[in-house]
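Structure record follows, encoded as structure tokens.
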Ligand SMILES: *[C@@H]1O[C@H](CO)[C@@H](O)[C@H](O)[C@H]1NC(C)=O
Ligand SMILES: *[C@@H]1O[C@H](CO)[C@@H](O)[C@H](O)[C@H]1NC(C)=O
Ligand SMILES: *[C@@H]1O[C@H](CO)[C@@H](O)[C@H](O)[C@H]1NC(C)=O
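In mature numbering (1 follows the signal peptide of the UniProt record, and there is no 0), the protein residues as written are -24 to -1, 1 to 329.
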């Protein structure tokens, strides 16, 4: 190699390092930026919308209205290490999606993200006309001038849950019923996890079936893995990537155990007013994430994992706690206040579209 080339390489490396130190980072050509590695920084220009002006906000996520006294948690922005995220632009989102449908399929965390997205859009175009409809498990909000449909399909397991003679049966190797609603949608954002650990009166199934074997119960993480493989197989054989784009929301973490973040006395997220600053959560990763990543690795068609676990783990301050649906009787450290963390999930989603 000539001296000139070596010198150029040196200068180039120096510039990259210098830029990183200066905080004015641009994506190095040819290297993809990882949106999911970063940290939270204080930013007074956040939140991205005033939730009291959002006509779609569900009471459950409207922490300020439910009496949450602190506001610091509203003013943080996610900053990836290696690049900047484009700020969410609702008008641009509608233009890009003109005539298209977006569907969030999953549990109430999908609803949380759906609710964030429609508030983000509405705040950019508050006068845009819309219609709403509810058909079975599918709620649709249509921004009529743009023909953009933002839908949610409540489906907590992705695989089929059917009523049979013996009771409600969760069929781990079938998505035949569930998937009927997913075809023909332009952008689908899947999610499942939180209901796999339900027991007692809120567990919606009586039996689990795989092939011709019926079980009264089984290891929940194993069941989750089998179901995800069934869904992955559907993705590989029935999903049409020439017509649709697929995302997976990732595993949204809960904060019920302060030992994880170095506060052993904290038994819940109540009273947490600040995120963990810096890039690392002291506690471990939810085991479901490994299972999910294995299943996604088997998918041969394009799909984007919104790998939101780490960035959300840092937000022990982002949950409703007693300012959610059930008020002081409940303790919600699973869902997220809006405005809040799901706005960042949507900002990253927007950066991928
Ligand atoms: C998330 O955190 C874990 C543990 O700190 C780390 O190994 C992993 O690389 C992180 N993933 C991302 C996408 O930042
Ligand atoms: C949000 O809107 C409400 C009602 O329009 C208003 O009272 C409040 O001051 C606004 N909050 C902020 C932070 O702008
Ligand atoms: C909280 O987390 C710590 C560390 O991971 C663990 O040892 C402990 O058993 C957990 N406590 C509960 C109540 O789950």
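Glycine residues also receive a C-beta, built at the ideal position from the N, C-alpha and C atoms.
Quick caveat, the model's predicted, so the values are computed rather than measured.
Three-way DSSP call (helix, strand, coil) for residue i in this model
i           : result
residue 42  : coil
residue 288 : helix
residue 271 : helix
residue 130 : strand
residue 197 : helix
residue 204 : helix
residue 332 : The chain is shown from -24 up to 329; residue 332 falls before or after that span and cannot be answered.
residue 324 : helix
residue 213 : helix
residue 72  : helix
residue 143 : strand
residue 109 : strand
residue 27  : helix
residue 149 : coil
residue 50  : helix
residue 20  : coil
residue 124 : strand
residue 176 : helix
residue 242 : coil
residue 317 : helix
residue 104 : coil
residue 255 : coil
residue 303 : helix
residue 265 : helix
residue 260 : coil
residue 5   : With a pLDDT of 44 at residue 5, under the threshold of 50, the predicted position of this residue should be treated as unreliable, though the coordinate-derived value follows. Coil.
residue 230 : coil
residue 236 : helix
residue 36  : helix
residue 329 : coil
residue 154 : helix
residue -1  : Caution is warranted here: a pLDDT of 37 is assigned to residue -1, below 50, making its placement in the model unreliable, and the coordinate value is therefore given only provisionally. Residue -1: coil per DSSP, three-state reduction.
Cβ distance (whole Å) where residue i is taken to contact residue j below 8 Å
i           : j           : result
residue 15  : residue 55  : 6 Å
residue 318 : residue 89  : 5 Å
residue 297 : residue 244 : 6 Å
residue 74  : residue 122 : 5 Å
residue 303 : residue 42  : 7 Å
residue 86  : residue 225 : 6 Å
residue 168 : residue 259 : No, residue 168 and residue 259 are not in contact; Cβ-Cβ is about 22 Å, not under 8 Å.
residue 231 : residue 295 : 6 Å
residue 25  : residue 99  : 3 Å
In DSSP terms, what residue i is bridged to
i           : result
residue 55  : 15
residue 166 : 81, 224
residue 280 : 223
residue 293 : Looking at the DSSP assignment, residue 293 forms no beta bridge with any residue, so it has no partner.
residue 136 : 147
residue 308 : 297
Delimiting residues of the alpha helix (DSSP H) encompassing residue i
i          : result
residue 64 : Looking at the DSSP string, residue 64 is not in any alpha helix (DSSP H), and its letter there is neither H nor E.
Start and end residues, beta strand (DSSP E) containing residue i
i           : result
residue 86  : Per DSSP, residue 86 belongs to no beta strand (DSSP E); it is in the alpha helix (DSSP H), 84 to 100.
residue 116 : 114 to 119
residue 224 : 221 to 224
residue 189 : 189 to 191
residue 185 : 183 to 186
Residue i beta carbon near ligand 5 (any heavy atom closer than 6 Å)
i           : result
residue 159 : Within the structure as shown, ligand 5 is missing, the only ligands being ligand 1, ligand 2 and ligand 3.
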